[in-house]
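Asks:
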Amino acid sequence: ALAYLGDIVGVREYFFGLADDVPGIQVVDDRTIQLTIDSPKPYFLAKLTYPTAFVVDREQVESNRNWTRRPNGTGPYKLTEWRLGERIVLEANENYHLGAPALKEAVYLLAGGSALTRWENDELDVAPISVNDVERARDPGSDLGPFYSTWPQFSISYLAFNLEQPP
Numbered sequence: 245a246l247a248y249l250g251d252i253v254g255v256r257e258y259f260f261g262l263a264d265d266v267p268g269i270q271v272v273d274d275r276t277i278q279l280t281i282d283s284p285k286p287y288f289l290a291k292l293t294y295p296t297a298f299v300v301d302r303e304q305v306e307s308n309r310n311w312t313r314r315p316n317g318t319g320p321y322k323l324t325e326w327r328l329g330e331r332i333v334l335e336a337n338e339n340y341h342l343g344a345p346a347l348k349e350a351v352y353l354l355a356g357g358s359a360l361t362r363w364e365n366d367e368l369d370v371a372p373i374s375v376n377d378v379e380r381a382r383d384p385g386s387d388l389g390p391f392y393s394t395w396p397q398f399s400i401s402y403l404a405f406n407l408e409q410p411p
């Protein structure tokens, strides 16, 4: 948490037990909080997109130790079913502030098995492919060819090497 929220004035002191509150977090009204950071940081808003920074309902958190199994929120979908290790079902939130989403339900299958095999069996609408299937998918004449698509992804990938340890 400190890595994501430590830029907020007073978070470090609170984290280490040196303060009872965090002056850099102020509740303005029922729908607004104000954060003050220790210096200008262009990356700070991106840090707020991580779950560590999510604002949660205090009453819900304090009411049940398993509060994360019954999430509430204001997003485009509502959690209607969660079977650990099996599936998650989301239903369109008709009260979403930008209007109800076009897709009325989304089902995430969490059980094992190859995503591509499940797609081929019409169990999935979308599936990633492994590096082993790229050549087959890119071949327009293959059974996957007509369905294969790519798109840009905003991400960073890297390899890190331990230079202190010999190969």
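With my numbering, you'll find the sequence shown wraps up at 411, consecutive numbering, no jumps. Glycine included, every Cβ here is placed at the ideal spot set by N, Cα and C. Note that the structure is a prediction, hence the values are computed from the model and not measured.
#1: Would you check if there are 3 or more beta carbon pairs closer than 8 Å linking the stretch 277-297 to the stretch 310-320?
#2: Would you tell me roughly how many angstroms separate the C-alpha atoms of Ala371 and Leu249, rounded to the nearest one?
#3: Identify, in the order they occur along the chain, each residue of the same chain with its Cβ nearer than 6 Å to the Cβ of Lys291, setting aside the five sequence neighbours on each side.
#4: Who are Glu338's beta bridge partners in DSSP?
#5: Assuming Gln304 is part of the alpha helix (DSSP H), what are its boundary residues?
#6: Report the option in Ser386, Thr318, Arg382 and Ile277 whose CA atom is closest to the CA atom of Ala341.
#7: Given a threshold of 16 other Cβ atoms within 10 Å of its Cβ, counted over all protein chains shown, does Ile252 qualify as buried or as exposed?
Replies: Here's the rundown:
#1: no
#2: Position 127 of the sequence shown, counting from 1, holds the residue named residue 371. Position 5 of the sequence shown, counting from 1, holds the residue named residue 249. Roughly 34 Å between the two C-alpha positions.
#3: Within the sequence shown, the letter at position 47 stands for residue 291. Tyr248.
#4: Stepping through the sequence shown from its first residue, residue 338 is reached at position 94. Glu338 pairs with nothing; no bridge assigned.
#5: Position 60 of the sequence shown, counting from 1, holds the residue named residue 304. From DSSP, the alpha helix (DSSP H) with Gln304 extends over Arg302 to Ser307.
#6: In the sequence shown, the residue the question calls residue 341 occupies position 97. For clarity, residue 341 is His in the given sequence; the question names Ala instead. Nearest option by C-alpha distance: Thr318.
#7: In the sequence shown, residue 252 corresponds to position 8, counting from 1. It is buried - the Cβ of Ile252 has at least 16 other Cβ atoms within 10 Å.
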